[in-house]
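Colleague: This is the structure I want to talk about, given as structure tokens.
Residue numbers (my numbering), protein chains in the order written: chain Z, 44 to 179; chain S, 42 to 431.
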């Protein structure tokens with residue numbers, strides 16, 4: 044049996060080292076991240092780990108004002124198109140949520156991450172989210 | 042494949058209930074059995090939609106308990122289907138397919154859910170477990186947040202200024218509340234104005250409280266059967282003539298949130314199976330979990346061109362007397378959204394519409410009806426098309 048192409052643990056370790064890891068499909072050439080068992084474009088299983096540029100542009104966003112238990116609102120969630128092509132979801136940081144408007148769309152961002160410790164009370168693994176900081 | 046006929050439907054009033062999930066389901070199921078004029082002991086299987094039972098009532102494996110509630114025999118399999126908010130439609134689809142394929146002759150599908158005992162923070166958290174647990178969950182993305190991102194993208198993509206789009210969205214809420222006011226089983230039975238929407242709390246920019254459907258309690262049930270054997274039981278037979286179900290991965294891999302590949306594939310399959318196109322549909326219950334969700338759904342189901350759904354809502358094309366009446370029941374928005382029961386409640390409305398039993402909210406002369414149900418962040422989508430004899 045093959046190894047899983049890019050595990051969640053390895054993806055997080057990459058982020059901790061300041062790297063945004065992804066996968067390249069050796070069949071169709073597509074680049075994608077976060078990782079998946081097979082190519083998200085063609086389903087191919089010949090995949091190669093690769094570094095992606097941790098930058099992109101905001102495609103859409105929202106300000107969450109009613110949040111799930113454990114998430115202090117308000118905060119901004121955005122979807123970013125990386126310069127390398129994949130779309131990713133995460134939190135837009137260093138921005139007053141009350142100033143977040145339609146002009147955010149198209150803004151350039153740098154991709155980082157934030158770790159969440161394992162919730163001992165409820166179980167489940169350590170969590171993480173990608174984060175976006177406006178360039179300039 | 043054999044012809045599948047709907048024998049009976051039942052549904053509780055949606056809203057806030059003191060009844061347990063099992064009690065609510067029993068009421069809906071017994072009504073459906075009486076409507077069908079068949080006995081529970083004759084049912085050959087039960088297909089159940091239930092999503093958050095483990096959180097709501099610490100109840101897992103609910104299907105056999107529901108079977109026992111209504112008196113299914115021990116030899117009848119009872120199975121829970123979990124496809125987030127689309128669970129009951131997935132259950133109904135599999136019930137219909139089991140009959141069509143000849144495995145069973147007489148089965149029940151249904152759903153039950155008691156969301157309101159969780160309270161809003163736990164409900165928001167548990168609803169959000171339908172997102173990708175590693176790569177979406179910890180961003181704090183909620184379902185209102187998903188559709189809020191759809192709204193911003195729709196505004197940008199089609200060049201519709203956000204204030205204009207918000208007016209179109211508010212018109213969806215006004216229409217669905219007007220329909221819900223005519224539905225005795227609806228969670229909310231009061232009409233609202235566009236100002237009601239604009240004056241309500243912001244939930245996830247740009248969605249305000251009245252852009253969002255409520256958390257509801259409720260149950261629904263439907264009996265489907267082999268038409269050759271059971272058609273004689275009903276005076277106004279309604280048939281299941283097409284179904285579809287699609288799947289998609291995490292939101293970020295889907296990219297353009299104004300289009301949902303799983304929904305477009307699923308409804309295409311259902312249309313093909315029924316041998317019809319969108320123009321043949323007389324009435325539709327679709328997944329208006331949020332006002333913008335109804336607008337984009339009307340496009341993906343083929344009723345309007347992409348980018349034209351907002352203008353269609355403005356023109357009143359989706360009202361009871363419009364070109365394609367959408368959500369005559371009040372939809373998830375006003376009828377309510379007990380998630381695991383929603384799909385079969387949509388089927389309840391369409392069956393009643395095709396039988397001409399909807400009173401003030403009746404779509405005149407409706408012959409063909411479609412239900413559209415969306416689960417998770419566009420990851421599970423299912424459709425069922427119903428048709429009556431002319």
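Yeah, the Cβ is synthetic: ideal placement off N, Cα and C, and Gly gets one too.
With distance defined between alpha-carbon atoms, name the residue in 390/S, 401/S, 416/S and 402/S nearest to residue 427/S.
Modeller: Along the second chain, one-based indexing puts residue 427/S at 386. Answer by Cα proximity: 390/S.
Colleague: Under 8 Å by Cβ, that's how I've got residue 332/S and residue 252/S pegged, so tell me the actual separation to the nearest angstrom.
Modeller: Taking the first residue of the second chain as position 1, residue 332/S is located at position 291. Taking the first residue of the second chain as position 1, residue 252/S is located at position 211. Yes, they are in contact, since the Cβ atoms of residue 332/S and residue 252/S sit about 4 Å apart, within 8 Å.
Colleague: Can the beta-carbon of residue 100/Z be found less than 8 Å from the beta-carbon of residue 150/Z?
Modeller: Numbered from 1 along the first chain, position 57 holds the residue referred to as residue 100/Z. Numbered from 1 along the first chain, position 107 holds the residue referred to as residue 150/Z. Yes, the pair counts as a contact, with Cβ atoms nearer than the cut-off.
Colleague: I need the boundaries of the alpha helix (DSSP H) containing residue 424/S, first residue and last residue.
Modeller: As a first step, residue 424/S must be located in the second chain, where it is residue number 383. Premise fails: residue 424/S lies in the beta strand (DSSP E), 421 to 429, not in any alpha helix (DSSP H).
Colleague: Between 198/S, 133/S, 309/S and 403/S, which has its C-alpha nearest residue 349/S's C-alpha?
Modeller: As a first step, residue 349/S must be located in the second chain, where it is residue number 308. For the residues 198/S, 133/S, 309/S and 403/S, the minimum Cα distance to residue 349/S belongs to 198/S.
Colleague: Considering only the alpha carbon of each residue, which of 141/S, 113/S and 202/S lies closest to residue 42/S?
Modeller: One-based indexing of the second chain puts residue 42/S at position 1. Comparing Cα positions, the closest option is 141/S.
Colleague: Identify which residue in 159/Z, 176/Z and 178/Z has its Cα closest to the Cα of residue 169/Z.
Modeller: By one-based count along the first chain, residue 169/Z stands at place 126. Measuring from the Cα of residue 169/Z, the nearest candidate turns out to be 159/Z.
Colleague: Look at residue 334/S and residue 151/S and say whether their C-beta atoms are less than 8 Å apart.
Modeller: Within the second chain, residue 334/S is the residue found at index 293, counting from 1. Within the second chain, residue 151/S is the residue found at index 110, counting from 1. Contact flag unset, no.
Colleague: Any idea which residues DSSP pairs residue 120/S with across the strands?
Modeller: For this step, residue 120/S is matched to residue 79 along the second chain. Looking at the DSSP assignment, residue 120/S forms a beta bridge with 88/S.
Colleague: Under 8 Å between beta-carbons, which chain Z residues line up against residue 244/S? List them in chain order, please.
Modeller: Here residue 244/S corresponds to residue number 203 of the second chain, with the count starting at 1. Chain Z residues near residue 244/S: 108 and 109.
Colleague: Buried or exposed: residue 400/S, going by 16 or more other Cβ atoms within 10 Å of its Cβ?
Modeller: Along the second chain, read from residue 1 onward, the residue named residue 400/S stands at position 359. Its Cβ having fewer than 16 others within 10 Å, residue 400/S is exposed.
Colleague: Residues of chain S with CB under 7 Å from residue 171/Z, in chain order?
Modeller: Reading the first chain from its first residue, position 128 is the one you call residue 171/Z. Neighbours of residue 171/Z on chain S, chain order: 179.
Colleague: Rounded to whole angstroms, what's the CA-CA distance from residue 165/S to residue 105/Z? Just pull it up for me.
Modeller: Taking the first residue of the second chain as position 1, residue 165/S is located at position 124. Taking the first residue of the first chain as position 1, residue 105/Z is located at position 62. Approximately 16 Å, taken between the alpha carbons.
Colleague: Hey, would you say residue 258/S sits closer than 8 Å to residue 155/S, going by beta carbons?
Modeller: Position 217 of the second chain holds residue 258/S. Position 114 of the second chain holds residue 155/S. A contact, by the Cβ cut-off of 8 Å.
Colleague: Rounded to whole angstroms, what is the Cα-Cα separation between residue 70/S and residue 403/S?
Modeller: Looking up residue 70/S in the second chain gives position 29. Looking up residue 403/S in the second chain gives position 362. Going by the C-alpha atoms only, they are around 24 Å apart.
Colleague: Among residues of its own chain, excluding the 5 on either side of residue 176/Z, which ones have a beta-carbon nearer than 7 Å to its beta-carbon?
Modeller: As a working note, residue 176/Z is residue 133 in the first chain. Hits under 7 Å: 136, 137, 152, 153 and 155.
Colleague: Do residue 51/Z and residue 80/Z have their C-beta atoms within less than 8 Å of each other?
Modeller: Taking the first residue of the first chain as 1, we reach residue 51/Z at position 8. Taking the first residue of the first chain as 1, we reach residue 80/Z at position 37. Cβ distance not < 8 Å, so residue 51/Z and residue 80/Z don't count as in contact.
Colleague: Kindly indicate if chain Z contains any beta-carbon less than 8 Å away from that of residue 364/S.
Modeller: For this step, residue 364/S is matched to residue 323 along the second chain. Taking Cβ atoms only, chain Z never reaches closer than 8 Å to residue 364/S, which makes this a no.
Colleague: Can you give the Cα-Cα distance for residue 458/S and residue 311/S, rounded to whole angstroms?
Modeller: Outside the shown range of chain S (42 to 431) lies residue 458/S, about which nothing can therefore be said.
Colleague: Note down, in chain order, all residues in the stretch 92 to 106 of chain Z with a beta-carbon under 8 Å from any beta-carbon belonging to chain S.
Modeller: Going along the stretch 92 to 106 of chain Z in chain order, one finds 102, 103, 104, 105 and 106 with a Cβ nearer than 8 Å to chain S.
Colleague: Enumerate in chain order the residues of its own chain whose CB-to-CB distance from residue 113/S is below 7 Å, with the five nearest sequence positions on each side excluded.
Modeller: What you label residue 113/S is simply residue 72 of the second chain in a count that begins at 1. Counting only Cβ-Cβ distances below 7 Å, and skipping sequence neighbours, we find 81, 84, 87 and 119.
Colleague: Anything in the stretch 117 to 130 of chain Z with a Cβ closer than 7 Å to a Cβ of chain S? List those residues in chain order, please.
Modeller: Against chain S - using a Cβ distance shorter than 7 Å - the residues of the stretch 117 to 130 of chain Z are 118, 120, 122 and 130.
Colleague: Beta-carbon of residue 134/Z versus every beta-carbon of chain S: anything under 8 Å?
Modeller: Mapped onto the first chain, residue 134/Z falls at position 91. It does: the Cβ of residue 134/Z has a partner Cβ on chain S nearer than 8 Å.
Colleague: When the Cα of residue 58/S is compared with those of 45/S, 429/S, 234/S and 226/S, which residue comes out closest?
Modeller: Within the second chain, residue 58/S is the residue found at index 17, counting from 1. Among 45/S, 429/S, 234/S and 226/S, the Cα nearest to that of residue 58/S is on 226/S.
Colleague: Name the DSSP beta bridge partners of residue 173/S, please?
Modeller: Working through the second chain from its first residue, we reach residue 173/S at position 132. None, per the DSSP bridge assignment.
Colleague: What is the residue span of the beta strand (DSSP E) that residue 409/S lies within?
Modeller: Counted from its first residue, the second chain places residue 409/S at position 368. Residues 409 to 416.
Colleague: Distance, Cα to Cα, residue 117/Z vs residue 187/S?
Modeller: The residue you call residue 117/Z lines up with position 74 of the first chain. The residue you call residue 187/S lines up with position 146 of the second chain. Distance between the alpha carbons of residue 117/Z and residue 187/S: 15 Å.
Colleague: Please classify residue 147/Z: is it buried, with 16 or more other beta-carbons within 10 angstroms of its beta-carbon, or exposed?
Modeller: As a position in the first chain, residue 147/Z is number 104, starting the count at 1. Counting Cβ neighbours within 10 Å, residue 147/Z comes out buried, since at least 16 surround it.
Colleague: So is residue 47/Z in contact with chain S if we call contact Cβ pairs under 8 Å?
Modeller: For the purposes of this step, residue 47/Z is taken as residue 4 along the first chain, with counting starting at 1. No, no contact with chain S.
Colleague: Determine whether the Cβ of residue 59/Z lies closer than 8 Å to any Cβ atom of chain S.
Modeller: To locate residue 59/Z, count along the first chain from 1; it is residue 16. Output row for residue 59/Z: interface = no.
Colleague: Among residues of its own chain, excluding the 5 on either side of residue 207/S, which ones have a beta-carbon nearer than 7 Å to its beta-carbon?
Modeller: Along the second chain, read from residue 1 onward, the residue named residue 207/S stands at position 166. Once the five neighbours on either side are set aside, the close Cβ partners of residue 207/S are 247.
Colleague: First and last residue of the alpha helix (DSSP H) that includes residue 336/S?
Modeller: Start at 1 with the first residue of the second chain, and residue 336/S comes out as number 295. Here the alpha helix (DSSP H) through residue 336/S covers 332 to 341.
Colleague: Could you spell out the range, first to last residue, of the beta strand (DSSP E) harbouring residue 285/S?
Modeller: Walking along the second chain from the start, residue 285/S turns up at place 244. That run of the beta strand (DSSP E) goes 279 to 288.
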